[in-house]
Amino acid sequence: MISIHPITEKDVPALMTLIKELADYEHLAVVATESDFLRDGFGANPKFRALIAEWEGKPAGYAMFYDFYSSFQGRCGLFLEDIYVRTELRGKGIGKALLAHVANIAQQENYFGMQWEVLDWNQPAVDFYERIGGKFMDEWRLVALTGDGLRKVAGEAK
1 MISIHPITEK
11 DVPALMTLIK
21 ELADYEHLAV
31 VATESDFLRD
41 GFGANPKFRA
51 LIAEWEGKPA
61 GYAMFYDFYS
71 SFQGRCGLFL
81 EDIYVRTELR
91 GKGIGKALLA
101 HVANIAQQEN
111 YFGMQWEVLD
121 WNQPAVDFYE
131 RIGGKFMDEW
141 RLVALTGDGL
151 RKVAGEAK
């Protein structure tokens, strides 16, 4: 049976484990720590929200999301940073339930919509998003400025 709830501070170790599993699947490194999530996910001005899905009382997956503002829409949207379900529990409706919960939050809180990214080689996720009506914005290209590039540009501020 699926159970979904917002994370609490006591869920952070499970969240960290799930994030590491997602990173392994996506061939990425994790530098974030439990302390980072405790600092940024709770308190007066949280930087993100997350939901934990449980299957038969054990952590099965999560969704992490945060606000972004659209100058064209004149209101916020939700950016879905991560959605992940443990490999052995896929096909049980957990991912769809997590996505439905985030979409419900977006609708209840009057967001204009949701956006997220998917790796182009992750065909099962691409197929899933197409089945639920997700629209791929191929004409838009993701741009990242990090590390040395970020420091260089920031150093040009007067």
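Heads up, the sequence shown is in our numbering, so the first residue is 1 and it goes up one at a time.
From the three backbone atoms N, C-alpha and C, an ideal C-beta is built for every residue, glycine too.
| Query | Result |
| --- | --- |
| CA-to-CA distance, E88 to E9, given in whole angstroms | 26 Å |
| Option nearest S35 by Cα separation, candidates I19, V12, T17 | V12 |
| G95, buried or exposed, once every other Cβ within 10 Å from all chains shown has been counted against 16 | buried |
| L150 burial status per 10 Å Cβ neighbour count (16 or more: buried) | exposed |
| Distance, V30 Cα to K20 Cα | 7 Å |
| Residue span of the beta strand (DSSP E) that contains P6, given as start and end | 2–6 |
| Three-state class that DSSP yields for I105 in the structure shown | helix |
| Among M1, G77, A154, nearest to V102 - alpha-carbon criterion | G77 |
| One or two residues paired with V85 in a DSSP bridge | G61 |
| Cβ contact check for the segment 44–52 and the segment 61–68: 3 or more pairs under 8 Å | yes |
| F79 versus A157 - alpha carbon distance | 28 Å |
| Minimum C-alpha distance to Q123 - residue among E26, L99, M114, A53 | E26 |
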